[in-house]
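**Student:** In our numbering, the protein residues as written are -3 to 269.
First, the structure itself, so that you have it in front of you.
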Ligand SMILES: C[S@@+](CC[C@H](N)C(=O)[O-])C[C@H]1O[C@@H](n2cnc3c(N)ncnc32)[C@H](O)[C@@H]1O
């Protein structure tokens, strides 16, 4: 292992490949929303999080990313972090004692409200509501599993919140961690230039978003709906709301029922959607 911290050219990326007290070149930024990621693949970060608006915000210190290499806490010549599952079965399990040491180090550096999340297919689904709560906190600590997962005892001991990217199984938690960070950071004020886009998009009012169009007005014989070119703002708002309701009712009956419950509407009502 090389014990040289990589900066990836950005002062806010701090992979902790060596003990915290040796890290001198990457000071914590006080009061900045912080994602702390524990992973066996630190080189995977920042990855897509270093690009576009989220990457620009990282560079501009609107949020910061600390990545900890779990291998550093491994034991023996090969820095082992896993062992065979108790009771038998395929694969390997990340050890509780190793993860516990890493978590104690990382969490000692957390400030304020900083929930600890284990990314796992058996967790609660990622939702916009969860991202809104995380964006309003001081940061988040994300444990990325690998192999068959993580020893249950460390999940219990640290009272981790289990969160899933969806009903499928990936090889590790890194992609799920990146999805969570991306969806959360874009809700932090000033990260997106246009805050209105966050307020109007899918899920923000419990509905999927209405269809979007742009120029040309006619493409391959398909015209933009006339109302959108009318300049009549009230009619445009009504049309968009009706489309959002239609799409939500058709595609996501679960969201539609929840929306109707909040707005005191009958989900089976015969509307002209
Ligand atoms: C191969 S998976 C382990 C799957 C586990 N044995 C199970 O059946 O639930 C390895 C790691 O990938 C991550 N992972 C896989 N799918 C995921 C998902 N849908 N959401 C979040 N994390 C996931 C978790 O961190 C997990 O520990």
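Glycine included, C-beta positions come from ideal geometry on N, C-alpha and C.
Less than 7 Å separating the beta-carbons of residue 57 and residue 33?
**Tutor:** Taking the first residue of the chain shown as 1, we reach residue 57 at position 61. Taking the first residue of the chain shown as 1, we reach residue 33 at position 37. Not in contact: residue 57 and residue 33 (Cβ atoms no closer than 7 Å).
**Student:** Per the contact definition of three or more C-beta pairs closer than 8 Å, is the region 154 to 168 in contact with the region 45 to 55?
**Tutor:** With the cut-off at 8 Å, the region 45 to 55 and the region 154 to 168 do not touch.
**Student:** How would you call residue 74, buried or exposed, if buried means at least 16 neighbouring beta carbons within 10 angstroms?
**Tutor:** Reading the chain shown from its first residue, position 78 is the one you call residue 74. By the 10 Å Cβ count, residue 74 comes out exposed.
**Student:** Closest to residue 46 by C-alpha separation, out of 59, 66 and 257, would be which residue?
**Tutor:** The residue labelled residue 46 in the question sits at position 50 within the chain shown. It is 59 whose Cα lies nearest to the Cα of residue 46.
**Student:** Given a cut-off of 7 Å on the beta-carbon distance, is the pair residue 92 and residue 149 in contact?
**Tutor:** Counting from 1 along the chain shown, the entry for residue 92 is found at position 96. Counting from 1 along the chain shown, the entry for residue 149 is found at position 153. Yes. Within cutoff.
**Student:** Three-state secondary structure (DSSP) at residue 233?
**Tutor:** Here residue 233 refers to the residue found at position 237 when the chain shown is read from its first residue. Three-state DSSP puts residue 233 in a helix.
**Student:** Are the region 104 to 118 and the region 130 to 149 touching by the rule of at least three beta carbon pairs closer than 8 Å?
**Tutor:** With the cut-off at 8 Å, the region 104 to 118 and the region 130 to 149 touch.
**Student:** Determine the direct distance from the alpha carbon of residue 214 to that of residue 206, and round the result to whole angstroms.
**Tutor:** Residue numbering aside, residue 206 sits at position 210 when the chain shown is read from its first letter. Residue numbering aside, residue 214 sits at position 218 when the chain shown is read from its first letter. Each residue's alpha carbon lies about 19 Å from the other.
**Student:** Which residues have their C-beta within less than 5 Å of a heavy atom of ligand 1, listed in chain order?
**Tutor:** Result (chain order): 115, 116, 117, 141, 144, 145, 160, 161, 165, 166, 168, 169 and 172.
**Student:** Which residues does DSSP list as the beta-bridge partners of residue 29?
**Tutor:** Against the chain shown, residue 29 aligns to sequence position 33. Answer is 59.
**Student:** Could you give the DSSP three-state label for residue 79: helix, strand or coil?
**Tutor:** Position 83 of the chain shown, counting from 1, holds the residue named residue 79. It is a strand residue.
**Student:** The beta strand (DSSP E) that contains residue 249, what's its start and end?
**Tutor:** Looking up residue 249 in the chain shown gives position 253. Note, residue 249: premise wrong, no beta strand (DSSP E); alpha helix (DSSP H) at 249 to 258.
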